[in-house]
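In this text, residue positions in the sequence shown follow our numbering: the first is 2, and each later residue adds one. Ideal placement from N, C-alpha and C gives every residue a C-beta, glycine not left out. Nothing here was measured: the structure is a model prediction, and the numbers come from that model.
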Amino acid sequence: MSLTFTLDPAVDPALRDGILDLWADVTNAGGSVGFVPPVTRDDIRPELVKHMVAMAEGRTRLLVGHDEAGRVAATAFLTLNTHRLMRHWLWLYTVMVHPRHQGRGYGRDLLDAAADAARTVDGIEAIRLTCRGGLGLERFYASCGYKEVGRVPGAIRVAPGDDRDDIIMLAPLT
Ligand SMILES: CC(C)(COP(=O)(O)OP(=O)(O)OC[C@H]1O[C@@H](n2cnc3c(N)ncnc32)[C@H](O)[C@@H]1OP(=O)(O)O)[C@@H](O)C(=O)NCCC(=O)NCCS
């Protein structure tokens with residue numbers, strides 16, 4: 002089994018709802034993609050709309066992975082910088098694999114596909130992202146060629162008394 006990745010898919014209602022379900026299921030299973038559980042599709046929708054506005058403006062590109070049953074199983078959003086001095090790297094946001102598919106190498110496949118996608122963008126030399134500390138995610142990214150280049154202690158308050166580091170990871174594109 003493997004996922005089929007598509008860059009810049011046409012966003013129809015099925016894809017939009019598939020992403021909302023994925024994002025909610027990942028969050029409710031404890032994933033760190035901008036929310037804390039419990040969440041519903043409606044909680045997530047405004048964040049997806051922000052990505053979609055950036056896509057419409059040509060600043061963000063969607064990479065989506067479908068499973069063999071045709072379900073949305075993974076996503077990552079690649080976002081270009083608007084700052085004129087930072088146009089040689091891009092951001093990767095909302096990296097997630099559906100809980101039913103985690104632990105089978107699909108996350109690494111997703112980041113490989115994201116690197117391939119970034120290489121198609123003129124002038125892009127690196128991918129930067131942030132992740133929440135305390136979950137071992139930096140080990141996942143390190144296994145995909147990313148290096149920790151910074152850490153802001155306690156910047157993410159997931160709950161009162163539970164502050165997590167905001168870890169900055171960088172992967173040069175070779
Ligand atoms: C993080 C995530 C994308 C990884 O995808 P995955 O398909 O489960 O990961 P893979 O099976 O490709 O694992 C690749 C390697 O990373 C390791 N790994 C995966 N998740 C890990 C984690 N949370 N902590 C530590 N290591 C992890 C695996 O053990 C594997 O290492 P190995 O080859 O030495 O065995 C996925 O678990 C996920 O969507 N999590 C919830 C959302 C989330 O937190 N996203 C990160 C946003 S910053």
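Enclosing alpha helix (DSSP H) for residue i [first to last residue]
{"i": "F141", "result": "138-143"}
{"i": "H52", "result": "42-57"}
{"i": "G32", "result": "No alpha helix (DSSP H) holds G32; DSSP gives it neither H nor E."}
{"i": "L112", "result": "107-120"}
Contact set for residue i: own chain, Cβ-Cβ below 7 Å, skip 5 residues either direction
{"i": "T39", "result": "Looking at the sequence shown, residue 39 is not Thr but Pro. Taken in chain order, the residues that qualify are N29."}
{"i": "L4", "result": "G66, H67, D68, A74, A75, Y107, D110"}
{"i": "R120", "result": "L174"}
{"i": "F141", "result": "G108"}
Own chain partners of residue i with C-beta closer than 6 Å, once the 5 adjacent residues on each side are dropped
{"i": "V9", "result": "It is worth fixing the name first, because residue 9 is Asp in this sequence and not Val. The residues are R62."}
Residue span of the beta strand (DSSP E) that contains residue i, given as start and end
{"i": "G19", "result": "Looking at the DSSP string, G19 is not in any beta strand (DSSP E); the run it does join, the alpha helix (DSSP H), is 14-29."}
Beta bridge counterpart(s) of residue i as assigned by DSSP
{"i": "T151", "result": "With the sequence shown as reference, residue 151 is identified as Gly, and Thr is not the correct amino acid for it. BP columns for G151 point to I169."}
{"i": "A77", "result": "L64"}
Under 8 Å between C-beta atoms of residue i and residue j
{"i": "V34", "j": "T95", "result": "yes"}
{"i": "H89", "j": "G124", "result": "yes"}
{"i": "T131", "j": "D164", "result": "no"}
{"i": "M97", "j": "G137", "result": "no"}
{"i": "R42", "j": "A70", "result": "no"}
Buried versus exposed, by CB contacts within 10 Å (16 or more), residue i
{"i": "H84", "result": "exposed"}
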